[in-house]
Amino acid sequence: MIKYFNSNPTCKYFKSGNPKNWYINDSSVRAISKALDVSWEDAYNLLSSAGRKIYNVPTSKQALHEILIENNYEFVTLGKPQRGSSRPLVSEFIENHKSDTIVLNLADYFVTAIDGDIYDVSDKCLKSSVYSYWIKKK
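Each position in the sequence shown, counted from 1, maps to that position plus 1374 in this note's numbering.
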């Protein structure tokens, strides 16, 4: 089971759940694990199965998309920002989604937020831009 500790009021750090505690680029596995409340191993297996089905790698945005859509999430793209404006930062974006479960697509990175709490292994994501997201349908 994933253990949480709250050392930052805006970001709940959690151990990746990777059974070997290896440092690897597993943000898609962690995002699925938290969004669906499943173990790291189950999330990895879901992504692997989706990747095989669509002929893509398990850590791809497309594999993650398949799983979230199958689990009652809706995909929303923010599109290209208008000239002179920028994409919202995670910290800003979360302010408008305090009662939602969302999986954010950042630049080559995924993170889950539930009821305004961001779940990640560090708080580096707070200054990242949001490109698109999946939101749990109510």
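Glycine included, C-beta positions come from ideal geometry on N, C-alpha and C. Please read these numbers as outputs of a predicted model, since none were measured by experiment.
DSSP three-state label for residue i, please.
i	result
K1511	coil
V1412	coil
N1419	helix
K1498	helix
Would you kindly check if the distance between the Cβ of residue j and the Cβ of residue i is under 9 Å?
i	j	result
F1484	A1424	no
L1438	Y1505	no
A1481	S1496	no
K1511	Y1447	yes
On the DSSP bridge assignment, give the partners of residue i in chain order.
i	result
S1503	L1463
Closer than 7 Å by C-beta to residue i: which residues in its own chain qualify, once you throw out the five before and the five after it? Chain order, please.
i	result
K1408	T1486 and Y1493
W1396	Bear in mind that the predicted position of W1396 carries a pLDDT of just 47, short of 50, making it too unreliable to give a figure here.
I1428	Q1436, A1437 and E1440
Y1507	V1450, I1476, V1477, L1478 and N1479
Whose C-beta lies closer than 8 Å to the C-beta of residue i among residues of the same chain, with five residues either side of it excluded?
i	result
P1462	L1452, S1503 and V1504
H1471	A1487, G1490 and I1509
Can you list, in chain order, the residues of its chain with a C-beta nearer than 6 Å to that of residue i? Leave out the 5 residues immediately preceding and following it.
i	result
A1417	V1403, I1406 and S1407
C1499	V1464 and V1485
Secondary structure, alpha helix (DSSP H): runs of 4+ residues fully inside the region 1430-1496
1435-1444 and 1464-1469
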